[in-house]
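Asker: Reading the sequence shown from the start, the letters are residues 23 to 968 in the numbering used here.
Just so it is clear, CB atoms sit at the ideal spot from N, CA and C, and this is done for glycine as well.
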Amino acid sequence: MQRVINKLGATLSASLTLMLGLCATVTVFVATSHLEEDAVNLDFERRAGLRAFTIQRGLEEAVQVQSVVNHFYATVGDPSREQFESFTRPLLERYPYVRAFSVQRFVSDEDRPVFEALRQGAKPGFEITTLQDGRLQSAPQQASYLVVDYVEPIAGNEAALGLDVSGNAAIRHALDAAVVSGRPASTLPLQLAQSGPDERGLLVIQPVYRGGVQPTDHAARRALLVGDTTAVLELNGLVQKILDGAGLTSDHEIGLRIYVGPQAEPGNLVYRHDSAPRETHWLDQLLKPGTLFRHPSSTVTRFDIAGQTWHMEISIPPRSVFADHYGSLLILLVGVIASLLGAAYMRALSMRSHRVQQLVEDKTAELRTTNALLSDDIKARRLAERALRLRHQAIEASANAILILSAQQPDYTIEYVNPAFARITGYSSAEAVGKSIRFLEGRDSDPEGFETVWIAMREQREHNVVLRNYHKDGSELWNDFYIAPVRDESGEVTHFVAALYDITSMKRYEAELEFQASRDTLTGLINRHMLRHHLEQAIGVAERQKQALWVVFVDLDRFKFVNDTLGHKAGDTLLRTVAGRLRAAVREADTVARLGGDEFIMILPEQDELSLDTRSLQRIMDAVAAPVTLGGHTLFMTCSIGVACYPNDGTDGETLIKHADIAMYRGKQTGRNNFQFYTPAMNEQALERLRIEGDLRNALDHGEFLLHYQPKVDLASGRVIGSEALIRWQHPQLGMVSPARFIGLAEETGLILPIGAWVLRTACVQCRQWQLKGHEDISVSVNLSVGQFLQKDLVSSIADVLEDTGLPPVSLELELTESLMMTDVEHAIGILAGLKKLGVRLSIDDFGTGYSSLAYLKRFPIDVLKIDRSFVRDITIDADDAAITASIISLARHLKLRVIAEGVETDEQLDYLRHYGCDEIQGYLFSPPVPADKFEQILREERVML
């Protein structure tokens with residue numbers, strides 16, 4: 023019976039091995055097949071994604087070519103045919119899939135004769151035509167025409183010149199879409215006259231607006247639309263060029279179809295490339311079921327280009343399972359063979375194991391009885407020895423000090439200490455054994471902690487306490503001390519065991535963390551975090567005692583200058599010095615904290631014997647103003663102070679600090695080196711400043727800035743000879759914002775650079791438009807800010823603006839202040855020389871209000887001195903102002919400079935300036951600053967000042 027069971031067991035194990043092997047093989051085969059299939063699909067998705075990305079980027083570049091032509095046309099304004107040809111010829115050569123560039127212009131019926139006459143000079147017999155039944159004929163009379171004015175290349179497109187395309191629904195639909203969206207728009211695919219019958223293309227159209235600047239809203243774009251620029255794209259060549267450029271045409275396995283339009287319909291197909299058929303694998307012929315696993319792959323990508331939807335269908339031909347699944351098939355074959363071999367091996371092994379097992383069981387039965395008695399005795403002895411040895415080793419190896427104390431009063435002498443005790447306390451075992459643990463106490467140890475230990479030993483109970491002892495070398499030793507009684511078999515306490523954990527480093531770390539959490543590491547003053555705690559406590563005391571409390575915000579003036587010139591190390595030394603002086607300048611009960619950078623906060627509570635007054639603030643300012651010597655330089659620092667008072671200016675710490683900060687900033691605005699008490703009006707100013715700063719960052723992008731122009735009048739002829747461009751901000755909520763409210767803020771935030779660049783370009787464009795309308799002698803002056811003047815590319819950027827706008831350099835006058843040029847005279851002379859080399863005119867604005875040196879004045883290559891309005895205002899009633907004005911005019915005469923007076927508002931002021939030989943004036947007497955259209959009206963009226 024046993025043999026039958028053994029044979030059944032061997033057969034069962036072999037069968038189980040075979041089943042497990044086959045299951046594992048099938049599982050691995052299926053998983054590997056899926057991985058191989060995923061790899062094939064991933065490769066196809068990668069290749070398809072690469073083509074979709076490459077074609078989309080190439081199409082966007084093609085549309086960008088049209089945007090470049092449109093930008094050129096808008097920038098130049100109204101280029102000549104030769105300029106248009108010169109600009110587009112390189113683009114046609116570089117982008118051969120662009121068949122033509124053209125410019126369409128709207129011409130009203132009343133302007134048609136003039137337009138045809140002007141164009142007949144370039145093309146005899148020119149007239150506006152229309153296409154009827156495939157033939158050109160003179161366009162019938164209608165309200166307006168959309169005429170092809172320029173076309174390049176001209177060869178093959180002669181018939182397009184003068185063609186009225188306003189009746190072409192596809193072109194008008196694309197133009198309307200471009201006007202609505204503000205971006206280029208394209209037509210649907212259509213048959214190109216320049217191409218073969220099987221080639222299709224589309225037109226990319228972008229509007230051109232009067233003034234060369236695209237308005238921000240739809241209605242304005244409709245009103246200012248003057249025409250459009252068009253690029254004719256041949257789609258098949260465009261797509262082929264993009265794929266050739268990316269090296270993707272060599273992969274013949276991928277099929278590609280591109281449709282343009284709302285749906286991917288056969289009528290919208292613009293490009294087709296079918297994949298090459300694959301050769302049938304020989305295993306497909308041998309094993310027909312393999313073909314069941316083959317399937318094709320395809321994907322469709324959609325994206326918008328110039329307002330039209332492009333559908334890109336990318337496909338790959340069906341693949342055979344044997345082309346991509348060699349690994350999984352090999353695994354299946356090897357797995358089946360291995361399963362069969364394993365089953366055979368397991369059957370043989372099971373039979374042999376049974377015979378060996380029978381022999382072992384017989385021998386074991388003979389020895390079991392003999393070993394049973396010996397095993398129990400040896401095991402008990404070894405366990406006892408191991409436990410004793412383990413306890414001793416554990417105590418000896420412990421990282422903490424272990425002590426065994428006698429339970430005999432009164433000394434409880436030490437009987438044993440482990441090696442860690444000597445390492446922690448410095449006392450060896452010989453020095454400690456036989457002594458009381460009191461020998462670890464020092465002169466200023468914690469007596470209460472030791473007393474609790476003696477009480478616990480007398481009461482024979484466990485106890486834990488943190489003690490401060492001293493190391494043998496005298497250093498402080500903090501330890502966590504645990505003690506417990508040891509009882510014998512009868513329950514009597516014979517000893518105490520104590521454990522001493524060294525926590526000195528942890529205590530030091532806690533002290534360091536506490537200091538760092540509450541103190542400024544540079545100055546030693548309390549930091550921002552601890553300041554809040556002190557301020558809350560001070561407010562609580564002031565509230566209970568009904569007393570006042572001052573929060574003083576101190577900010578060093580021009581501290582950045584010290585850092586920039588002497589370095590950050592000197593700046594740190596200065597901050598430490600100032601911190602010490604601030605601490606010494608206040609009372610012991612006052613709090614001094616460093617908020618960060620060069621900002622300090624002081625908490626000055628009112629005391630019974632001392633009230634708060636401004637002498638305390640003056641004492642603080644005097645302490646800061648004392649001379650400081652750093653690196654051989656003696657500095658005289660000043661500070662600006664803002665004060666917020668509890669409870670009038672706030673009842674919580676955050677509000678008091680914020681209001682003190684606002685008052686300090688007011689002190690900065692009023693000239694620095696003073697103190698200001700907070701008022702509610704300051705908060706309103708700060709909120710307005712914050713709002714204006716936020717809106718100012720978006721004003722340029724939203725087109726909210728505009729320029730007004732104040733006429734400059736030549737006193738000799740009485741005629742307008744120039745203008746000064748003055749910026750205005752049309753805020754959507756605040757209305758017209760004065761420059762005085764935002765120019766200073768723009769300089770602080772760095773926004774003055776893009777704003778100044780916009781003013782310069784806009785003024786040059788406007789001046790050039792006036793000149794093209796017959797006012798050739800008109801000029802424009804633009805003020806340069808400090809930030810603009812310090813730009814390294816100032817000269818080249820102005821040269822670019824002049825070149826882009828076509829404005830003659832002599833028609834541009836740049837106004838600079840005295841203080842701007844005197845900051846770094848040599849640098850200023852170099853910049854002025856570069857500007858003068860361009861041919862622009864230079865003037866010193868607000869002359870007489872700064873600190874010019876006459877020795878430097880003659881070195882500056884300037885053309886004009888501008889008398890500040892503060893002198894002109896009182897020249898008829900103030901002898902000093904009159905004398906200064908006359909002196910400036912005389913000085914300009916002798917230096918061969920022109921002189922202009924600004925702010926002229928009365929006839930008496932005009933007569934005085936004319937009497938002393940002033941060259942030009944500007945002011946409200948003649949005209950205030952006006953918009954560009956009103957200034958142009960002044961020019962047309964040829965107003966004269968008599």
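Are at least three pairs of beta-carbons, each pair with one atom in the region 60-67 and one in the region 357-369, less than 8 Å apart?
Answerer: no
Asker: For P953, tell me which candidate among W751, S909, P830 has the shortest Cα-Cα distance.
Answerer: W751
Asker: To the nearest angstrom, how far is the alpha carbon of G856 from that of A70?
Answerer: The straight-line gap separating the alpha-carbon atoms of G856 and A70 is approximately 55 Å.
Asker: Classify P311 as buried or exposed, calling it buried when 16 or more other Cβ atoms lie within 10 Å of its own Cβ.
Answerer: Note on P311: pLDDT 45, under 50, position unreliable in the model; no value is reported.
Asker: Measure the Cβ-Cβ separation of V665 and F622 and say whether it is below 8 Å.
Answerer: no
Asker: I'd like the ranges of any beta strand (DSSP E) spanning at least 3 consecutive residues and lying wholly in the region 242-281.
Answerer: Taking only runs of at least 3 residues, the beta strand (DSSP E) segments lying wholly in the region 242-281 are 247-256.
Asker: Report the option in A721, A192, F472 whose CA atom is closest to the CA atom of D433.
Answerer: F472
Asker: If we ignore side chains and look at the alpha-carbon of each, how far apart do D594 and A611 end up?
Answerer: 26 Å
Asker: Out of S450, R490, W500, V515, state which residue places its alpha-carbon closest to the alpha-carbon of R480.
Answerer: Put simply, of S450, R490, W500, V515 the residue whose alpha carbon is nearest the alpha carbon of R480 is V515.
Asker: Is S803 helix, strand or coil when you go by DSSP?
Answerer: Strand.
Asker: What do you get for C45, buried or exposed, if any count of 16 or more other CB atoms within 10 angstroms of its CB means buried?
Answerer: When all chains shown are included, C45 counts as exposed.
Asker: With a 10 Å radius around its C-beta and 16 neighbouring C-beta atoms as the bar for buried, classify F882 as buried or exposed.
Answerer: buried
Asker: So, for S35: in the same chain, excluding its five sequence neighbours on each side, which residues have a beta-carbon less than 8 Å away from its beta-carbon?
Answerer: M368, R369, S372
Asker: Just to confirm the assignment, what range does the beta strand (DSSP E) spanning F123 have?
Answerer: 120-130 is the span of the beta strand (DSSP E), which, as asked, contains F123.
Asker: How many Å lie between L278 and R205 at the Cα?
Answerer: 28 Å
Asker: Classify Q569 as helix, strand or coil using the three-state DSSP reduction.
Answerer: coil
Asker: Inspect the beta-carbon positions of A905 and L887 and report whether they are closer than 8 Å.
Answerer: No, they are not a contact pair.
Asker: Identify the residues that DSSP records as bridge partners of C667: which are they?
Answerer: W572
Asker: How about K734 and I922: are their beta carbons less than 8 Å apart?
Answerer: Going by C-beta atoms, K734 is nearer than 8 Å to I922.
Asker: To the nearest angstrom, report how far apart G740 and V966 are at their CA atoms.
Answerer: 5 Å
Asker: Using only alpha-carbon positions, find the residue among F957, A648, L246 that is nearest to H797.
Answerer: It is F957 whose Cα lies nearest to the Cα of H797.
Asker: Assuming L198 is part of the alpha helix (DSSP H), what are its boundary residues?
Answerer: The question names Leu, but residue 198 in the sequence shown is Asp. Residues 191-203.
Asker: Checking 8 Å against the spacing of the C-beta atoms, do G861 and Q810 come in under that value?
Answerer: no
Asker: Kindly indicate which three-state DSSP category F699 falls into: helix, strand or coil?
Answerer: strand
Asker: Can you list, in chain order, the residues of its chain with a C-beta nearer than 8 Å to that of M758? Leave out the 5 residues immediately preceding and following it.
Answerer: R750, W751, Q752
Asker: Between L42 and R377, what straight-line distance do the alpha-carbon atoms span, to the nearest angstrom?
Answerer: 26 Å
Asker: When you compare only the Cα positions, how much space is there between D723 and E769?
Answerer: 18 Å
Asker: Taking the straight line between their C-alpha atoms, what separation do you get for R962 and F148?
Answerer: 33 Å
Asker: Would you identify the three-state DSSP class for E769, choosing helix, strand or coil?
Answerer: Looking at E769 - three-state DSSP - the assignment turns out to be helix.
Asker: Assuming L351 and T47 make a contact with CB atoms under 8 Å, what is their CB distance in whole Å?
Answerer: No, L351 and T47 are not in contact; Cβ-Cβ is about 12 Å, not under 8 Å.
Asker: Find the nearest neighbour of G184 within the set F137, I820, D155, judged by alpha-carbon distance.
Answerer: F137
Asker: Which of the three DSSP states is assigned to S372 in this structure?
Answerer: helix
Asker: Please state the DSSP three-state secondary structure of F622.
Answerer: strand
Asker: Taking 6 Å as the limit between beta carbons, can you name the residues of its chain near F123, skipping five residues before and five after?
Answerer: V91, T110, E174, A253
Asker: Taking 8 Å as the cut-off, decide whether the C-beta atoms of I424 and E437 are in contact.
Answerer: When the beta-carbon positions are compared, I424 and E437 stay at least 8 Å from each other.
Asker: For L265, which residues in the same chain have their Cβ closer than 6 Å to its Cβ, ignoring the five residues on either side in sequence?
Answerer: T271
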